[in-house]
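Undergrad: I have a structure here, written as structure tokens, and I will follow up with some questions on it.
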């Protein structure tokens with residue numbers, strides 16, 4: 013079937029609604045351009061959603077998925093061999109198993125271009141199998157969320173053999189539940205794939221997976237490959253094979269060689285602040301920093317407010333710009349029109365001073381709350397409780413719809429408050445979404461240079 017331009021109210025019914033059904037099958041369908049979810053299966057049991065081409069969901073709504081359920085015991089329901097892509101709106105997800113869902117098998121799906129997360133397993137997320145999927149061009153390949161005052165759990169859930177082409181920190185509680193109630197994680201990595209999603213010759217994905225009976229049957233070689241496609245096996249395409257509405261897959265990824273300052277990726281680079289480049293940090297005789305110069309060539313220099321110094325040998329033997337929490341660095345307008353962005357910042361804090369909700373980097377359009385699109389923020393970890401944090405690379409990416417305006421470091425972009433007590437070593441800001449190979453190369457450069465995680 014072909015189902016399109018459905019749900020003009022943006023309600024929770026979905027373009028295709030199999031909610032509360034038993035044994036339903038949605039197969040070989042092309043479902044696209046929906047107001048909210050494309051396939052709603054809340055309360056359904058033992059269903060199969062397979063070989064579908066699902067795209068352009070959530071055109072009228074936010075915080076929803078192309079497939080969606082909440083509080084559902086799937087009893088072995090299968091979501092497999094689908095293409096899920098180009099999910100519109102804010103905070104959108106490809107395959108969304110919301111809070112208190114359990115017992116789903118999610119395998120051999122290709123998910124790309126979602127504004128938030130490829131696969132979301134919100135807690136409680138029990139006894140899911142998420143295996144041999146490929147996720148690309150989503151700010152977060154996989155994630156979880158737990159309601160306040162609930163104990164996070166993904167007990168019994170296994171996440172295996174997936175190719176995740178996006179930032180993935182297994183120690184991040186927003187990615188996976190931590191500790192003994194966390195999921196089993198094995199064989200999840202980024203690896204070279206061709207535009208059609210098949211691992212390339214010599215890719216780290218080839219023969220790198222574990223055997224999962226009933227899921228990886230028929231693999232080629234010594235072991236299953238990682239991701240949704242097996243090199244050397246028959247190629248599958250989802251969706252209706254009539255009507256001329258088939259999508260095209262183009263998610264090629266090949267790791268870049270290591271980069272240096274001299275070979276830094278320059279396309280779209282609008283701001284580059286580097287405390288280790290002493291010539292770019294202007295200071296007076298007593299050591300107070302007065303201005304941090306932009307080395308991108310764009311001229312977006314940052315005048316310093318009160319309380320900034322250049323702290324020598326503060327991080328991996330290199331200097332950082334340090335704030336005592338009395339001022340900010342204002343860059344100003346880089347792009348007032350909404351569009352994409354990628355920002356990477358190396359920051360650390362060894363003190364507990366200052367107010368809650370301290371900002372590391374932010375952008376504000378001049379209207380609305382700082383954390384609501386088109387505005388965006390990078391805040392210190394556990395911002396409600398000011399605690400020291402180790403040096404790390406902080407990242408913000410948006411596919412579209414955000415400004416790069418009133419850009420501010422060490423404080424709120426909308427007003428002179430919520431100043432950061434801490435250090436910034438380096439910041440890079442691009443007016444585009446980096447390809448994943450570019451992102452990995454820049455992140456590795458920053459981690460090696462600054463000893464950051």
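Numbering (our numbering), first residue to last: 13 to 465.
No residue lacks a Cβ here, since even glycine has one placed at the ideal position from N, Cα and C.
All of these numbers come straight from a predicted model, not from anything done at the bench.
Using only the alpha-carbon positions, how far apart do residue 213 and residue 357 sit?
TA: About 34 Å.
Undergrad: Are the Cβ atoms of residue 462 and residue 328 separated by less than 7 Å?
TA: Yes; because the gap between Cβ atoms is below 7 Å, this pair is in contact.
Undergrad: Measuring only the C-alpha atoms, how far is residue 149 from residue 177?
TA: Roughly 7 Å between the two C-alpha positions.
Undergrad: Could you tell me how far apart the beta carbons of residue 315 and residue 342 are, in whole angstroms, since I believe they sit closer than 8 Å?
TA: About 6 Å separates the two Cβ atoms, so the contact holds.
Undergrad: What's the C-alpha gap between residue 115 and residue 34?
TA: In a straight line, the C-alpha of residue 115 is about 14 Å away from that of residue 34.
Undergrad: In the DSSP assignment, what residue or residues form a beta bridge with residue 39?
TA: Partner(s): 62.
Undergrad: In the DSSP assignment, what are the bridge partners of residue 342?
TA: Residue 342 is bridged to 420.
Undergrad: Which residues bound the alpha helix (DSSP H) around residue 452?
TA: It spans 448-462 - the alpha helix (DSSP H) in which residue 452 sits, taken as one unbroken run.
Undergrad: Can you confirm whether the segment 92-110 touches the segment 64-72 when touching is taken to mean that 3 or more C-beta pairs between the two stretches lie within less than 8 Å?
TA: Because the criterion of three Cβ pairs below 8 Å is met, the segment 64-72 and the segment 92-110 touch.
Undergrad: Taking all protein chains shown into account, decide if residue 394 is buried (16 or more other Cβ within 10 angstroms of its Cβ) or exposed.
TA: So residue 394 counts as exposed.
Undergrad: Could you tell me the alpha carbon to alpha carbon distance between residue 284 and residue 25, rounded to whole angstroms?
TA: Answer to the nearest angstrom: the Cα atoms are 46 Å apart.
Undergrad: What is the rounded straight-line gap between the Cα of residue 422 and the Cα of residue 308?
TA: So the alpha carbons of these two residues sit roughly 20 Å apart.
Undergrad: To which residues of the same chain is residue 339 closer than 6 Å at the C-beta, ignoring the five residues directly before and after it?
TA: Here the set comprises 317, 318, 319.
Undergrad: Below 8 Å, can you find three or more Cβ-Cβ pairs linking the segment 159-171 to the segment 134-142?
TA: Touching, yes.
Undergrad: For the putative contact between residue 433 and residue 366, defined by C-beta atoms under 8 Å, what is the C-beta separation to the nearest angstrom?
TA: Their Cβ separation, rounded to whole angstroms, is 4 Å, which keeps residue 433 and residue 366 in contact under 8 Å.
Undergrad: According to DSSP, is residue 192 helix, strand or coil?
TA: Helix, per DSSP.
Undergrad: If residue 203 and residue 215 are in contact, beta carbons under 8 Å, what's the gap, nearest whole angstrom?
TA: With 8 Å as the limit, residue 203 and residue 215 qualify as a contact, their Cβ atoms being about 5 Å apart.
Undergrad: My assumption, with CB atoms under 8 Å, is that residue 281 sits in contact with residue 440. Please give the rounded CB distance.
TA: Yes, residue 281 and residue 440 are in contact; Cβ-Cβ is about 6 Å, under 8 Å.
Undergrad: Do the CB positions of residue 236 and residue 221 come within less than 7 Å of each other?
TA: Cβ atoms of residue 236 and residue 221: closer than 7 Å.
Undergrad: Quick check: the segment 374-386 against the segment 450-464, are at least 3 beta-carbon pairs closer than 8 Å?
TA: The segment 450-464 vs the segment 374-386: no contact.
Undergrad: Nearest CA to the CA of residue 406: which residue from 419, 289, 459, 398?
TA: It is 459.
Undergrad: Hey, out of 321, 322, 323, 302, whose CA is closest to residue 313's CA?
TA: Of the candidates 321, 322, 323, 302, the one whose C-alpha sits nearest the C-alpha of residue 313 is 302.
Undergrad: Sort 218, 269, 76, 53 by Cα distance to residue 87 and report the nearest one.
TA: Checking every option, the nearest Cα to that of residue 87 belongs to 53.
Undergrad: Excluding five sequence neighbours on each side, which residues of the same chain lie with their C-beta closer than 6 Å to the C-beta of residue 16?
TA: So the list reads 44, 45, once near-sequence residues are dropped.
Undergrad: Which residue's Cα is closest to the Cα of residue 471: 247, 387, 274, 124?
TA: Nothing about residue 471 can be read from this structure; the chain reaches only from 13 to 465.
Undergrad: In chain order, which continuous runs of the beta strand (DSSP E) of length 3 or greater are located wholly inside the segment 375-409?
TA: Correct list: 388-391.
Undergrad: Would you mind listing the beta strand (DSSP E) stretches within the segment 72-99 that are 3+ residues and don't spill past its ends, in chain order?
TA: If we require 3 residues or more, the beta strand (DSSP E) runs fully inside the segment 72-99 come out as 77-81, 85-92, 95-99.
Undergrad: Just checking my contact of residue 19 with residue 38 at CB under 8 Å: how many whole Å lie between their CB atoms?
TA: Actually they are not in contact, since the Cβ atoms of residue 19 and residue 38 sit about 16 Å apart, beyond 8 Å.
Undergrad: Quick check on DSSP: helix, strand or coil for residue 149?
TA: Residue 149: coil per DSSP, three-state reduction.
Undergrad: Identify the residues that DSSP records as bridge partners of residue 361: which are they?
TA: DSSP, once it has assigned bridges, lists 401 as partnering residue 361.
Undergrad: Take residue 321 as the anchor and find which of 233, 191, 241, 299 has the nearest alpha-carbon.
TA: Selected option, being the one with the closest Cα: 299.
Undergrad: If you run the structure through DSSP and keep just helix, strand and coil, what is residue 228?
TA: Residue 228 falls in the coil class under three-state DSSP.
Undergrad: Identify whether residue 249 lies in helix, strand or coil by the three-state DSSP scheme.
TA: Three-state result, residue 249: coil.
Undergrad: Would you kindly report the start and end of the unbroken beta strand (DSSP E) that includes residue 465?
TA: First-last for residue 465: undefined, no H or E at that position.
Undergrad: Please state if the CB of residue 78 and the CB of residue 103 are separated by a distance shorter than 7 Å.
TA: Not in contact: residue 103 and residue 78 (Cβ atoms no closer than 7 Å).
Undergrad: Are there 16 or more other CB atoms within 10 angstroms of the CB of residue 146, so buried, or fewer, so exposed?
TA: The residue in question, residue 146, is buried, as its Cβ has 16 or more Cβ neighbours within 10 Å.
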